[in-house]
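*Asks:* Just passing along the structure, written as structure tokens.
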């Protein structure tokens, strides 16, 4: 028996936003969605305003003062005028430029090469990408400890290995090093290249993941069209790959340049700016003046004098990144000629990259002539080998030897990947084997490559002699809490900047991104004063509150791109069905944005897990120390417990490595749909 139900009465549907004629006067002035935008941006505004902009304002005031004994005296612009004749400041600015420029060049070259090698592989790509990502995941203190030990001129494994293979004396004969064995961190001519090398080692994985995501976003039809038109491998790379990666290269280099230019932790932990001042960046000069010399005004002036230059660069780049970066699919007959024409058609824009390259090259040759020719030789060798292999493959393929070209291509790729993996995993392997050596093996340097026997002695000594378990718990609590805060604020702010229409959106974006140019060496001074006033020093709350300030900008930027990639029609359909804008955000947009949210969570968690400077300044009691600061405190003068530090490094790195291994697919998807597309 069937029952007849009355026809369902259609529910009243919420109309879509009307045209401009129905907007109120306030909406026309402030934007259609200004109320909701204010609600969504409020948490971000409170954090950025209270913990970044207010400290910056206090730093500006501090820079006009000078400390005379117990008194602080207003001196106007005297601190800035004093920088004109300050040789230490001049050296710091030049060092920052040299350090950043060389590091970015090599990170782009090696990161792009690694991404191309992985992109071509069908098997084992995820495993290899996960292995290459490990250096970026491990804490900076682990990086500094491992490389300091490896580069030790007497006991370091680098000199031992290069001597045994005959490469070391060859480097001396070629005048790439002044003498052998080399004092990598103690020789003034090698200290800066060594610090750059360590920064490249740590940064290449980030470039590789971003470029790999960008390569996946390039339509395969473009390569097929270019191949049909007879384009060589070089032509496909120049006319398809590079234009397709233009946006992701711009984003990645911009972010990495800001991080590198403001780097303090790595340089301080490796060399403390020495020998002399040859590796001291301008941030370390500001730290030295403000903290070591207690001249807060002079230290604030050192950093603030660089702010307009970097701020202007960020503003220009943000405007470029907001432009459409899509690539249309042309007809097959014009593939190699049309691709990228939309973005580089204007003569001025075609010439701009070459002009910038020429200017930077000239400045590097002037600022660091000794490093310049050595870097040119190393870079030239890498490019010549790659070009030679590519030429052989193209020649064999054009003559019909497809099988031979495949063998040569596979062999070249295999050798390149093996060399890259050796460079990336070598220091990590040294940490792993050292952690399982006995104290006698560590001191006597026996069984360097393979402990005999394997032992857990170092792990027992670590927990017996140090409050390592307490440091671990502190780091876990701070990282989880600060990541949750950053994730909520970034999701709300990213959605507002990507979807809502309101006046001042671009200005807010620029303001958020400008927080990246403020180094911790400047911010922690006023932040420390604020935390003292709030009685939050020597507590984990001081880190939970301040950590999101340096992770929010990138998290917001990534989510802006990801939210923009979600079809707006899905959200409009939810609005038509009666959902409010907030309901559509929670029920439609957020579930679709899970890969982007996971990518943000992994990035922010890693930054919080690795942070050193704020924890070093804000926490003085052992029971509240985090892992990076606790591990640094294990070194007492010249006494370095290498075995215990290796065991601690292994335990610190394992959890984050596992999280990245499990979330790598979502991380790549988040980058592909988010930051890559912008």
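Residue numbers (our numbering): 9 to 686. Think of the CB as a built atom: it goes at the ideal place given N, C-alpha and C, for glycine as much as any other residue.
1) Tell me which residues share the same chain as residue 657 and place their Cβ nearer than 6 angstroms to its Cβ, disregarding the 5 neighbours each side in the sequence.
2) Beta strand (DSSP E) containing residue 79: first to last residue?
3) As an exercise, report each continuous beta strand (DSSP E) stretch of at least 3 residues that is fully enclosed by the region 234 to 286, in chain order.
4) Which residues in the same chain have their Cβ closer than 6 angstroms to the Cβ of residue 179, if we skip the five residues on either side of it in sequence?
5) Which residues does DSSP list as the beta-bridge partners of residue 74?
6) Report the rounded CA-to-CA distance for residue 74 versus residue 661, giving the unit in angstroms.
7) Would you check if the region 641 to 652 and the region 600 to 610 touch, i.e. whether three or more CB-CB distances between them fall below 8 angstroms?
8) Return yes when the Cβ of residue 109 is within less than 8 angstroms of the Cβ of residue 208, no when it is not.
9) Return helix, strand or coil for residue 644, following the three-state DSSP convention.
10) Would you mind reading off the limits of the alpha helix (DSSP H) that contains residue 512?
11) Would you mind reading off the limits of the alpha helix (DSSP H) that contains residue 569?
12) Can you give me the C-alpha to C-alpha distance between residue 295 and residue 537, rounded to a whole angstrom?
13) Does the beta-carbon distance from residue 637 to residue 620 come in below 8 angstroms?
14) Let me confirm a value: residue 628 is counted as buried when at least 16 other C-beta atoms fall within 10 Å, else exposed. Which label applies?
15) Identify the continuous alpha helix (DSSP H) that holds residue 114 and give its terminal residues.
16) Tell me which same chain residues have a C-beta within less than 6 angstroms of the C-beta of residue 39, skipping the five on either side of it?
17) Please list, in chain order, all residues of the same chain as residue 343 whose beta carbon is under 7 angstroms from its beta carbon, the five residues on each side excluded.
18) Which residues bound the alpha helix (DSSP H) around residue 142?
19) Give the secondary structure of residue 652 by DSSP, where H, G and I count as helix, E and B as strand, and everything else as coil.
20) Using alpha carbons as the reference points, say which of 391, 307, 283, 217 lies closest to residue 113.
21) Going by C-alpha to C-alpha distance, which of 190, 196, 152 sits closest to residue 169?
22) Could you give the C-beta distance for residue 158 and residue 202, rounded to a whole number, given that I count them as a contact under 8 angstroms?
23) Under three-state DSSP, which class holds residue 40?
24) How long is the line joining the alpha carbons of residue 1 and residue 484, rounded to whole angstroms?
25) Going straight from the alpha carbon of residue 241 to that of residue 215, what length do you get?
26) Whether or not the region 584 to 596 and the region 538 to 553 are in contact is what I'm after, with contact meaning three or more pairs of Cβ atoms, one per stretch, closer than 8 angstroms; do they touch?
27) Using the Cβ count rule (16 or more neighbours within 10 Å means buried), how would you classify residue 244?
28) Would you check whether the ligand MG has a heavy atom nearer than 7 angstroms to the C-beta of residue 606?
29) Return the first residue and the last residue of the alpha helix (DSSP H) that residue 169 is part of.
30) Determine whether the beta carbon atoms of residue 206 and residue 274 lie at a separation below 8 angstroms.
31) According to DSSP, is residue 670 helix, strand or coil?
32) Within 10 Å of its beta-carbon, does residue 476 have 16 or more other beta-carbons around it, so buried, or fewer, so exposed?
33) In this structure, does DSSP put residue 464 in helix, strand or coil?
34) Do the region 501 to 508 and the region 559 to 578 make contact, defined as three or more Cβ pairs closer than 8 angstroms?
35) When DSSP labels each residue in this structure, what does residue 313 get in the three-state scheme?
36) In whole angstroms, what is the alpha-carbon distance linking residue 378 and residue 197?
*Replies:* Short version:
1) 150, 439
2) 79 to 82
3) none
4) 185
5) 81
6) 43 angstroms
7) no
8) no
9) strand
10) Taken as a continuous stretch (DSSP letters only), residue 512 belongs to no alpha helix (DSSP H), as it is neither H nor E.
11) 556 to 573
12) 16 angstroms
13) yes
14) exposed
15) 95 to 128
16) 509, 510, 511
17) Any reading at residue 343 is ruled out, since the residue's pLDDT is 41, under 50, leaving its predicted position unreliable.
18) 133 to 145
19) helix
20) 391
21) 190
22) Going by Cβ atoms, the distance from residue 158 to residue 202 rounds to 10 angstroms, so no, they are not a contact pair.
23) coil
24) It is not possible to answer for residue 1, since the shown part of the chain is limited to 9 through 686.
25) 22 angstroms
26) no
27) buried
28) The ligand MG is not part of the structure shown, which contains no ligands of any sort.
29) 165 to 173
30) yes
31) helix
32) buried
33) coil
34) yes
35) coil
36) 8 angstroms
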